[in-house]
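Here is the structure we will look at.
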Amino acid sequence: GAGVSQSPSNKVTEKGKDVELRCDPISGHTALYWYRQRLGQGLEFLIYFQGNSAPDKSGLPSDRFSAERTGESVSTLTIQRTQQEDSAVYLCASRGLVSTDTQYFGPGTRLTVL
Amino acid sequence: GIQVEQSPPDLILQEGANSTLRCNFSDSVNNLQWFHQNPWGQLINLFYIPSGTKQNGRLSATTVATERYSLLYISSSQTTDSGVYFCAGASGNTPLVFGKGTRLSVIA
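Here the protein sequences line up with chains A and B, keeping their order. Here this note's numbering runs 541 ahead of the position in the first sequence, where the first position is 1. Here this note's numbering runs 84 ahead of the position in the second sequence, where the first position is 1.
Put into structure tokens, the structure is as follows:
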């Protein structure tokens, strides 16, 4: 596609429910990243996928967070038993094969946990 | 890991003014990017600039890799330049580390 897309754009959920966020990277991009941005803050790295290698999960804040990616396509970020502190914008980015390539960001999913 | 410091944290400019935003890194990076996050939250790539100088219209950026800093220049600022400017860096295959951003408000 023309750019990185994410869905839904907005998600409101109740505390304790599970949510699933989706990212469609730019076609052909081998690397995919998830970040979290709390209100007024910078971006926090969550998880990184590179091709078929084991993902770098070092940024996931707790075991309630998990992510999957099949090959070089869509990725889903799942948050189980959501808490109010999970409220944030979740951003996905993709880039080409070379680690020094530019990352391109999607529009984000704004998650609100009531 | 790499620490990224941006300054100033906030900046208010009159339309038409020039400004310089700074980004310092605690360690060497081989991937350095500047982004603009518009008021709707979209992150837009401005520059990929691990070293040297680049220009794009009214924006330019310079990175002095040996001294671990980068500067973003905005000339003849316009209200549409408002938003948050982030720099981010990485070394090797590690994910980008973002600074906390500079919030720019350009007033007419």
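Glycine included, C-beta positions come from ideal geometry on N, C-alpha and C.
Through-space distance from residue j to residue i, alpha-carbon basis
| i | j | result |
| --- | --- | --- |
| F131/B | D642/A | 11 angstroms |
| T147/B | R605/A | 39 angstroms |
| N129/B | A629/A | 21 angstroms |
| V88/B | S110/B | 7 angstroms |
| R622/A | L155/B | 42 angstroms |
| I191/B | N140/B | 22 angstroms |
| Q98/B | S160/B | 9 angstroms |
| E609/A | T617/A | 5 angstroms |
Residue-level contact to chain A via CB, residue i, 8 angstroms cutoff
| i | result |
| --- | --- |
| G136/B | no |
| G141/B | no |
| Y100/B | Residue 100/B is actually Gly in this sequence, not Tyr. No, G100/B does not count as interfacial toward chain A. |
Neighbourhood of residue i by C-beta, 6 angstroms cutoff - its chain only, sequence neighbours within 5 removed
| i | result |
| --- | --- |
| Q668/A | Here chain A comprises residues numbered 542 to 655, so residue 668/A is not present and cannot be evaluated. |
| I96/B | S189 |
| A149/B | S135 |
Interface flag, residue i vs chain B, CB-CB below 8 angstroms
| i | result |
| --- | --- |
| L518/A | With chain A running from 542 to 655 in the structure shown, residue 518/A is simply not present. |
| Q582/A | yes |
Other residues of its chain near residue i: CB distance less than 8 angstroms, five sequence neighbours each side excluded
| i | result |
| --- | --- |
| K552/A | V560, L562, T650, R651, L652 and T653 |
Neighbourhood of residue i by C-beta, 7 angstroms cutoff - its chain only, sequence neighbours within 5 removed
| i | result |
| --- | --- |
| Q126/B | none |
| P648/A | Q547 and S550 |
| R142/B | I158, S159 and S160 |
By the 9 angstroms beta-carbon criterion, what residues does the segment 159-183 of chain B contribute toward chain A? For the segment 159-183 of chain B, which is checked against every Cβ of chain A, the residues closer than 9 angstroms are V168, F170, A172, A174, G176, N177, T178, P179, L180, V181, F182 and G183.
Interfacial residues, the segment 110-132 of chain B to chain A, with Cβ spacing under 7 angstroms: If the cut-off is 7 angstroms between Cβ atoms, the segment 110-132 of chain B has N114, N115, Q117, G125, Q126, L127, N129 and Y132 near chain A.
Under 9 angstroms, CB to CB, which of the residues in the segment 636-650 of chain A have a partner in chain D? This model lacks chain D altogether; the protein chains it does include are A and B.
Secondary structure, beta strand (DSSP E): runs of 3+ residues fully inside the segment 126-154 of chain B: For the segment 126-154 of chain B, whole beta strand (DSSP E) runs of length 3 or above, ordered along the chain, are 127-132, 136-140 and 143-148.
Chain-ordered residues of the segment 613-632 of chain A with a beta carbon less than 8 angstroms from chain B: Taking a C-beta cut-off of 8 angstroms against chain B, the contacting residues of the segment 613-632 of chain A are V630 and L632, listed in chain order.
Using a beta-carbon distance cut-off of less than 9 angstroms, what residues from the segment 591-605 of chain A approach chain B? Here the close residues are Q591, D597, S599 and G600.
My parser needs the beta strand (DSSP E) runs of 3 or more residues fully inside the segment 570-602 of chain A; what are they? If we require 3 residues or more, the beta strand (DSSP E) runs fully inside the segment 570-602 of chain A come out as 572-578 and 584-591.
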